[in-house]
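Notes to accompany the following structure.
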Amino acid sequence: MEEKKVNEISHQFLKFTMSLKRWLHDNYLKEFNINGKGDCDLTGRQFSILIVVHEFQCCTISDLEKELNVSSSSLSIVVSKLVKEGYLQRTYPSEEEDRRKTYISLTQKGMSVLIEAYERIIKVFGEFYSNLDEKKQKDFEEGLEKLNAIFGSSIQ
Numbered sequence: 000m001e002e003k004k005v006n007e008i009s010h011q012f013l014k015f016t017m018s019l020k021r022w023l024h025d026n027y028l029k030e031f032n033i034n035g036k037g038d039c040d041l042t043g044r045q046f047s048i049l050i051v052v053h054e055f056q057c058c059t060i061s062d063l064e065k066e067l068n069v070s071s072s073s074l075s076i077v078v079s080k081l082v083k084e085g086y087l088q089r090t091y092p093s094e095e096e097d098r099r100k101t102y103i104s105l106t107q108k109g110m111s112v113l114i115e116a117y118e119r120i121i122k123v124f125g126e127f128y129s130n131l132d133e134k135k136q137k138d139f140e141e142g143l144e145k146l147n148a149i150f151g152s153s154i155q
């Protein structure tokens, strides 16, 4: 593919990602706690950690570091707070395993807050989607299927 075309597509992709980020901020992420403001007791970063822990079911700080691209020292502080508040729990390996590893998993409280957040996401998105005309809904569905096919095949 010629360089000019690649540059155009790259700019379009960046424009799309920034628009999506702006939409998420305006319609959902603003609910998270920032300096005591917001409808949720969690910050966006704390919520992201809960999502990743849920996906892994059980993980380490190193797993989170790789997945979120955040330093382990920063993650340790946030994870400790989430453990203290009852969203996460730590478990330690058996005698045969490396005792320096600590595993992190969701508690029932952590799972409940994820379920509640997912329900809010579905509600907010449902309102957005419902306000699209029929053609835009169809375009949106087809676009999502195509993006998932492209990105889904490159992930993992």
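Residue numbering for the sequence shown follows numbering that gives the first Met the number 0, starting at 0 and increasing by one per position. Cβ coordinates follow ideal geometry from the N, Cα and C atoms, glycine included.
- Mind checking residue 46: buried by the 16 CB within 10 Å criterion, or exposed? Buried, by the Cβ-count rule.
- Task: Assign residue 35 to one of two classes, buried (16 or more other C-beta atoms within 10 Å of its C-beta) or exposed (fewer than that).
- Result: In this prediction, residue 35 scores a pLDDT of 48, lower than 50, which makes its location untrustworthy; the coordinate-derived value is nonetheless stated afterwards. The residue in question, residue 35, is exposed, as its Cβ has fewer than 16 Cβ neighbours within 10 Å.
- Message: Using C-beta distances below 6 Å, list every residue in its chain close to residue 146, excluding the 5 sequence neighbours before and after it, in chain order.
- Response: Once the five neighbours on either side are set aside, residue 146 has no close Cβ partner at all.
- Message: Going by beta-carbon coordinates alone, are residue 76 and residue 103 separated by less than 9 Å?
- Response: Going by C-beta atoms, residue 76 is not nearer than 9 Å to residue 103.
- Message: Looking at the secondary structure, which residues open and close the alpha helix (DSSP H) in which residue 107 lies?
- Response: From DSSP, the alpha helix (DSSP H) with residue 107 extends over 107-129.
- Just curious, the alpha helix (DSSP H) that residue 16 is in, first and last residue? First-last of the alpha helix (DSSP H) with residue 16: 2-26.
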